[in-house]
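Just so you know, the sequences run in chain order A and B.
Quick note: the first sequence uses my numbering, first residue 2, plus one each step.
Quick note: the second sequence uses my numbering, first residue 1383, plus one each step.
We treat Cβ as the ideally placed atom computed from N, Cα and C, and that holds for glycine.
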Amino acid sequence: MSTPRDVPHLSAERVAAIAAGAPPSAAESAHILECAACRAALAGRDPSALFALLAHVPPPAAPPALTDLRLPPVPRRTVAAVAVPRLLLAAAATLLAAGALVPLVARRTPEAAESLIAARAERSRTASVVRRVDQPGARIVTLLPPSPDAPSVTMILGTEIDL
Amino acid sequence: MSGEADLILRAAAGDREAFDALIAPRWERLHRIAGRITGDWDEARDVAQQVALRLWQTLSRFRPGEDLDGWIYRMTVNLAIDALRKRQARREDLLAEVPDAIAPRPAGPGRGPLERVLAHELEAALEDCTRSLSPRQKAVFVLARVEGLEPSEIARMMDLAPSTVRNHLFQARSAVARHLRAHYPELCSSWNPPESEPGPGEGMSS
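This is the structure we're talking about:
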């Protein structure tokens, strides 16, 4: 018998193997497509095995050419991977620098300078009073005001204190 | 460094020629898998382009020795299944509306007319017989039956247990076989060889 393209029929083992899921070779696939006998033998075992013949059939529609692919010039992930950390670092550095500069700038304003002077004077007075109260024999005397609106007077008395 | 690893590095740095060299050998196969899972070659074109774009965007994360084939075909199968699910959700039947949606391209020089007709018929039958399958079952069937992949390979590609793949394949094969016998008897009619002719099983082996 002349078989398609003078290719011999598939052996029973190959038919069984292909029916069981083994991929046919290109020559086997081409033969079975043209040979009703082998096709029927294959379909007799498992009709769904016939689709194995398509493994070597080119896609019905030609795939688009690679040259038609429109790809961004630089992979976006690469740009993001490099750019985002740099931006974050720059932002963090700016915040740190700003945080360090704020007290310096604030001290240079006139209001801030006045409040600093007042605070220093208060600290100086308080320190002087504390030194006096700590002396041996010192007493604190507070004179009650004659009316609620009048100021009260507090005195520190001691033998070594020169008021 | 292997040639492919070098190509990956160059492509990750934006070398388009290296990228083409990486994907060109896989281009037709990924298009073919996408087409046979989606059942629509226009959709397959979109899937192939999406796969290429995602590969271009993620190549910088690839490390030497990583499975590029696995990544490409896994992405192809996942995107094709998504496309098929979307179409099924829209309840579209492209083959009914456009009977030539699965149309063979002109045959190569070595392909005979009968072979062409049968290939065309098989393509149409494949889409028809697998339409009732779930997208996942269809993908498993195409990968196993048409692409000849082992269940273990399919399991890795689709992130499924091998037993799940075998189960999908068994159900798909049964459903497809029933449909083929019922609707395509000419493709699976039993063969009664004339007495003078040797039958299958007496010749080619490989």
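Within chain B, no residue has its beta carbon less than 9 Å from that of G100 (chain A); the closest one is some 35 Å off. Non-local C-beta neighbours of L1562 (chain B) in its own chain, meaning closer than 7 Å and more than five positions away in sequence, comprise A1507, C1511, L1569 and C1570, ordered along the chain. Burial check for R1418 (chain B): the Cβ neighbour count within 10 Å reaches 16 or more, so the residue is buried. Against chain A, the CB of L1389 (chain B) has no partner CB under 8 Å away; the residue lies outside that interface. In the three-state reduction of the DSSP assignment, L96 (chain A) falls in the helix class, which pools H, G and I. Contact note: A31 (chain A) reaches chain B through E1497, using a C-beta cutoff of 7 Å and chain order. Membership of T143 (chain A) in the beta strand (DSSP E) is indicated by the continuous run R140 to L144.
The DSSP-derived three-state label of V1522 (chain B) is helix. For L1391 (chain B), the uninterrupted alpha helix (DSSP H) segment begins and ends at G1385 to A1394. With a beta-carbon spacing of about 18 Å, H1565 (chain B) and Q1519 (chain B) fall beyond the 8 Å limit used to define contacts. In terms of Cα proximity to Q1439 (chain B), the closest of B:H1413, B:L1461, B:A1393 and B:L1404 is B:A1393. At least one beta carbon of chain A lies nearer than 8 Å to the beta carbon of A1406 (chain B). The continuous alpha helix (DSSP H) containing V1547 (chain B) extends over residues P1544 to H1565. Closest in C-alpha terms to V1499 (chain B), from the list A:L55, A:I157, A:S148 and A:A23, comes A:L55. Chain-order list of chain B residues neighbouring A20 (chain A): empty, with the shortest C-beta distance near 10 Å, by a criterion of under 8 Å.
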